[in-house]
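Here the sequence shown stands for residues 132 to 232, numbered as in this note's numbering. Quick notes on the structure that follows.
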Amino acid sequence: MSSASRSACACDRCGCHLDRGALRYEMRVGVRLAPSARLITDEDLDEDNLHEVASILESLPDFQPAPVEPEGHHAAFILCPSCCRRWRRDPLGMQGSGSRH
Numbered sequence: 132m133s134s135a136s137r138s139a140c141a142c143d144r145c146g147c148h149l150d151r152g153a154l155r156y157e158m159r160v161g162v163r164l165a166p167s168a169r170l171i172t173d174e175d176l177d178e179d180n181l182h183e184v185a186s187i188l189e190s191l192p193d194f195q196p197a198p199v200e201p202e203g204h205h206a207a208f209i210l211c212p213s214c215c216r217r218w219r220r221d222p223l224g225m226q227g228s229g230s231r232h
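Here it is in structure tokens:
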């Protein structure tokens, strides 16, 4: 049991105070890169693509590469019973939004 679950704290979603011993939920979330949909074949490895890559690189304007995102992210949250029920019903928070973006 983590120290956060033994002492008084607040719900990370709504901010309500949770007394010591009050019912609360610990939600752990992890996000990682999905595996590539395209697998590299033996044919891909046999091809000599050096000239094609050089041509593409020469045609690109000078730019700064975007920072690489970490492979994964993990977080833990304390939820009150009400927020836990809401999350279970709509984990992505899309109900009533009418849009995915």
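Cβ atoms here follow ideal geometry from the backbone N, Cα and C, with glycine treated the same way.
Residue burial classification, residue i (beta-carbon count within 10 angstroms, cutoff 16)
i	result
I209	buried
L191	exposed
L181	exposed
L154	exposed
C145	exposed
C211	buried
C142	buried
L176	exposed
L188	exposed
| request: Give, in chain order, every unbroken run of the alpha helix (DSSP H) that is at least 4 residues long and sits entirely within the region 139-211. | output: Within the region 139-211, the complete alpha helix (DSSP H) segments of 4 residues or longer fall at 173-177, 181-190, listed in chain order.
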